[in-house]
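This report concerns only the one structure given below.
2 protein chains.
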Amino acid sequence: MILDAQPDIEVVAAVADGAEAVAQARRLRPDVCLLDIRMPKLDGLEVTRVLAGPGVENPFRVVIVTTFDLDEYVYGALRSGATGFLLKDSGPTLLIEAVRAAAAGDALVSPSVTVRLLQHVAQPRRAPAPVNDPLTDRELDVVRLIARGRTNQEVAAELFVSLSTVKTHLGSIFAKLGVRNRVEIAAWAWESGVVS
Amino acid sequence: MILDAQPDIEVVAAVADGAEAVAQARRLRPDVCLLDIRMPKLDGLEVTRVLAGPGVENPFRVVIVTTFDLDEYVYGALRSGATGFLLKDSGPTLLIEAVRAAAAGDALVSPSVTVRLLQHVAQPRRAPAPVNDPLTDRELDVVRLIARGRTNQEVAAELFVSLSTVKTHLGSIFAKLGVRNRVEIAAWAWESGVVS
DNA sequence: AACCGCATCGGCCGAACGGCCGATCTCTAA
DNA sequence: TTAGAGATCGGCCGTTCGGCCGATGCGGTT
C-alpha cells in the first residue's frame, strides 16, 4: 500500500514464499524485488543469490527487508548481491527511497546498519598500529607495495629508489610495527586498512 | 528552510566557514552538524576531524553534504568520523532522514555512494581464486598460517610436520593460486576471506 | 590389481630476505 | 647556527625462501 501510493512506483506482484518469488520475478522482470529474509521454502538470501548473486547475467535489483539486523544477515545479504538492506522499523520514507535508489542502480541501507558497516569500512584504525611511533609517508608507500606481494627489487623499481633504500625503510618498519618479516607487515596492512 | 520546516528539527546556527563552524558547534553543542567539504579557512574534513575525529572525547555527529562524490572524499570523510555522507542531489527527503539518523547515532549515506561502499565491503570474492583448482584442506591450513606471518619452520612446528612437507605444500599453493611468493599468498588469503 | 590424489619426507642450490654497520643530503625546528 | 628527523645509498653476512628433483605410504576408484 505504501509503495503503490507513490506515483512513480507500481507493485506488480506479491508472493508468499521464496520459490514463488523467483518464478514471478523471472516472469514479470520487475525493476526492484523486495525480499524478506525469513520466507518459506526458499530463504531470502537464497533467492537473492539466484536473482542477483555473482555470475548472474541479468541481475535483479534486490532490496532486503527484515526485522533482524544481525551482522551475519547483513553481510550475507550484501555478499549475495542485494542492493539494499532495510529494517522494518525504518519507516515508509526510507522504504520508498530504497526502492527508488535500487531502481536507479544505487543502494540504500538502514542507518542503524550503515553505522556498523562504516565501523568495518572506514574505521580500521586498530590496536597493532604504531601508536607511539607512526610510520612516515615513505614507509607507508613501501608497506603498501610489500602488502601486494612485491619483492624488494620491484618496490625499488616502482618507487625509483635503490634496493638499499628499500631495505633501510623495511628495517624501520620492522622496528616500528614490532614485526619480524614482510608477511607480518602485509597482515598488519590488511588489518589496519592501509591496503584494501 | 527544508530542515527548519520539520517539527522535530531546529536549525540553531548557520555559518560561513570552517573556523566559525568549530566555534559555534562548541558553543551551541548541536545534536548534528551539517558540513560542506568545500569551506573557507577550514576544510570540511578538517572540521570533522576536530569535532568527531578519533580521540575526541565528546564527539559531535557530523553529516557531510557535498556535490563532490569522489571516493577520496567519501573515505576521507568517513575515516575522519563523519556519521553521514550526502550528495546535494539526494533530495530533501534523504537530507531530513540523514539528520534524524545522525541524531539517533546512526548513519545515512547517499545511495549512489553506498553502492560503491558495498563493492569494497561485501564483495571481496574475486578473480584470483583457484576456480579451476581448489586448495586442499591441508593447503588451506598452511595458507592461514603463512598469512599470519609464520615462517616455514613455525608452520611445520604448528602442524606437526617437517619443513620439507611445508615447502611441498607451498609449492602446490604457488601453482594453484598462480602467485610467486608467500606475501601474495597472504594477500590472496586476506582478499578472499580465508583469514580475517 | 592398478591407478591416482593427497600427505608426508629428503637433498641440493640459487635467489631473496633481513640484520648490522656506516654514510650523505635536505628540510625543519629549536 | 645547531640539532634532529627523514630519505637516500653502500657493503657484508647469515638465514630463509622457493624451485627442482626424487621417494614412500595411504585411501579411494576403476
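Respectively, the protein sequence lines represent chains E and L. To convert a position in the first sequence, counted from 1, into this note's numbering, add 3. To convert a position in the second sequence, counted from 1, into this note's numbering, add 3. Cβ coordinates follow ideal geometry from the N, Cα and C atoms, glycine included.
At a Cβ-Cβ threshold of 7 Å, Leu166 of chain E and Asn155 of chain E count as neighbours.
Boundaries of the alpha helix (DSSP H) harbouring Val145 of chain E: 140-150, taken from the DSSP string.
The beta carbon of Pro114 of chain E falls within 7 Å of a beta carbon belonging to chain L, placing the residue at that interface. Rounded to whole angstroms, Val198 of chain L and Ile149 of chain L show a C-alpha spacing of 10 Å. Straight-line spacing of the CA atoms in Arg52 of chain L and Ala107 of chain L works out to 20 Å. Note that the C-beta distance between Gly152 of chain E and Glu157 of chain L is not below 7 Å.
Shown here, Phe163 of chain L sits in coil according to DSSP, grouped into three states, outside any helix or strand. By the rule that beta-carbons nearer than 7 Å mark a contact, Leu138 of chain E does not touch chain L.
Three or more Cβ pairs closer than 8 Å define a contact, and the region 109-120 of chain E meets that threshold against the region 97-116 of chain L. Counting other Cβ atoms within 10 Å of its Cβ, Thr70 of chain E stays below 16 and is therefore classed as exposed. For Val59 of chain L, the closest Cβ of chain E is not nearer than 7 Å. Scanning L:Val35, L:Val118, L:Gly174, L:Pro33 for the CA closest to the CA of Leu81 of chain E turns up L:Val118. Distance from the CA of Cys36 of chain L to the CA of Pro137 of chain L, rounded to the nearest whole angstrom, comes to 50 Å. Residue range 35-39 is occupied by the beta strand (DSSP E) that includes Leu38 of chain E. Separation of the CB atoms of Val145 of chain E and Ile176 of chain E is rounded to 7 Å, and the pair is thereby assigned contact status at 8 Å. Interface criterion not met: the Cβ of Val35 of chain E is under 7 Å from no Cβ in chain L. For Leu89 of chain E, same chain residues with a beta-carbon under 8 Å away, outside a window of 5 residues either side, are Val66, Ile67, Val68, Thr69, Leu97, Leu98, Ala101, Leu111, Val112, Ser113 in chain order. Neighbours of Thr96 of chain L across chain E, judged by C-beta separation under 7 Å: Thr96, Glu100. The beta carbon of Gly47 of chain E sits no closer than 7 Å to any beta carbon of chain L. Contact of Asn184 of chain L with chain E by beta-carbon distance below 8 Å involves Gly152, Thr154. Per DSSP, reduced to three states, the secondary structure at Leu81 of chain L is helical. DSSP links Thr69 of chain E through a beta bridge to E:Leu90. Sequence-distant partners of Leu6 of chain E (beyond 5 residues in either direction) whose C-beta falls short of 6 Å from its own C-beta, in its chain, are Ile12, Val14.
Classified as exposed, Phe163 of chain L has fewer than 16 neighbouring CB atoms from the shown chains inside 10 Å of its CB.
Here Ser93 of chain E is actually not in contact with Leu48 of chain E; their C-beta atoms are around 19 Å apart, not less than 8 Å. In the three-state DSSP reduction, Leu97 of chain L falls in the helix class (H, G or I). Of the residues assessed, Asp109 of chain E falls on the buried side of the cut-off, its CB having 16 or more other CB atoms within 10 angstroms. Partner residues in the beta bridge of Leu111 of chain L, as assigned by DSSP, are L:Gly87.
In the displayed model, Arg30 of chain E falls within a helix according to three-state DSSP. Taking the Cα positions, Val18 of chain E is about 55 Å away from Ala26 of chain L. Straight-line spacing of the CA atoms in Gly56 of chain E and Ala22 of chain E works out to 16 Å.
A distance of 7 Å or more separates the beta carbons of Met4 of chain L and Asp20 of chain L. For a Cβ distance threshold of 7 Å, residue set Ala150, Arg151, Gly152, Ala189 of chain L lies close to Ala190 of chain E, ordered along the chain.
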